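Note that the numbering used here has the sequence shown beginning at 124, numbered continuously upward. Cβ atoms here follow ideal geometry from the backbone N, Cα and C, with glycine treated the same way. Please read all numbers here as calculations on a predicted model, not as lab measurements. In what follows, a structure is listed as structure tokens, so that the remarks can point back to it.
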Amino acid sequence: MRAAAFFLFASAVWALLPLVARQMLGGSAGFYGVLLGAVGAGAIAGALVMPQLRQRLDADGLVLLASLVSAAVMGALVFAPPQWLAVGLLLLLGMGWIMALTTFNSVAQSILPNWVRGRGLAVYLTVFNGAMAAGSLGWGLVAREVGVPGALMASAVGLVVVAWLFHRAKLPAGEADLQASRHWPEPL
124 MRAAAFFLFA SAVWALLPLV ARQMLGGSAG FYGVLLGAVG AGAIAGALVM PQLRQRLDAD
184 GLVLLASLVS AAVMGALVFA PPQWLAVGLL LLLGMGWIMA LTTFNSVAQS ILPNWVRGRG
244 LAVYLTVFNG AMAAGSLGWG LVAREVGVPG ALMASAVGLV VVAWLFHRAK LPAGEADLQA
304 SRHWPEPL
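Here it is, written out as structure tokens:
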């Protein structure tokens with residue numbers, strides 16, 4: 124549920140970024156590429172600082188931080204900042220994105236028992252991709268009705284709200300015993 128909520132709202136920036144680059148920031152296709160490169164560079168930087176962040180924050184704190192960073196970036200893009208500042212904002216977005224993605228991935232992998240890990244991860248990835256697709260479609264429809272800045276602001280506010288609401292529902296830490304019961308004999 125937490126991954127679906129995060130990706131549903133955070134998908135707005137991915138869905139609307141080409142329009143932000145061209146319409147709001149006055150950039151070309153090359154500038155859009157620079158923005159995507161900034162997200163990638165931010166993700167690399169985020170991966171480098173993750174060990175220090177994990178020492179200070181648990182999984183729930185990392186997801187909350189990633190949500191607030193992503194929402195802040197979307198909120199700042201609403202004001203059509205100068206292009207150089209937009210590149211800096213997308214660096215931060217990359218950091219927030221990798222924080223959320225790696226945290227959700229590691230929680231899913233750590234709590235699933237070996238006998239069902241592959242299937243469980245397949246369900247998680249289906250939820251991730253489904254939320255991204257549904258969110259992208261939804262935010263595109265919202266942008267058509269209220270404009271790109273309105274859709275970005277709505278997604279930013281929504282992301283903050285769901286981040287605080289779902290922060291109370293703690294991510295599992297793998298404390299439950301989920302090993303197979305072995306009450307049936309192993310098949311030949």
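Residue i and residue j closer than 8 Å at C-beta
i, j, result
"alanine 164", "glycine 243", "no"
"glutamine 206", "glycine 150", "yes"
"glycine 258", "serine 134", "yes"
"leucine 213", "leucine 158", "yes"
"alanine 266", "leucine 140", "no"
"valine 186", "threonine 226", "yes"
"valine 210", "alanine 254", "no"
"alanine 170", "tryptophan 262", "no"
"alanine 166", "tryptophan 220", "yes"
"alanine 144", "tyrosine 155", "yes"
"valine 201", "proline 310", "no"
"leucine 294", "valine 230", "yes"
"arginine 125", "alanine 292", "yes"
Three-state secondary structure assigned by DSSP to residue i
i, result
"arginine 267", "helix"
"arginine 240", "helix"
"phenylalanine 251", "helix"
"histidine 290", "helix"
"leucine 260", "helix"
"leucine 275", "helix"
"proline 174", "helix"
"tryptophan 307", "coil"
"leucine 235", "coil"
"alanine 203", "coil"
"glycine 217", "helix"
"glycine 163", "helix"
Residue i beta carbon near the ligand NAP (any heavy atom closer than 7 Å)
i, result
"glycine 160", "Looking for the ligand NAP in the displayed structure turns up nothing, as the structure carries no ligands at all."
CB contact check: residue i to chain B, cutoff 8 Å
i, result
"proline 174", "Given the protein chain composition of this structure (a single chain), no chain B is represented."
Cβ-Cβ separation, residue j to residue i (assumed contact under 8 Å), whole Å
i, j, result
"histidine 314", "aspartate 183", "Outside the shown range of the chain, which is 124 to 311, sits residue 314, and nothing can be said about it."
"alanine 223", "leucine 148", "No, alanine 223 and leucine 148 are not in contact; Cβ-Cβ is about 24 Å, not under 8 Å."
For this session: Pair every Cβ in the segment 124–142 with every Cβ in the segment 188–199, then say whether three or more of these pairs are closer than 8 Å.
Result: yes
Exercise. Between the segment 275–291 and the segment 165–179, do three or more beta carbon pairs fall short of 8 Å?
Worked result: no
Problem set entry | Segment contact, 8 Å Cβ cut-off, at least three pairs: the segment 249–257 with the segment 194–208 | no
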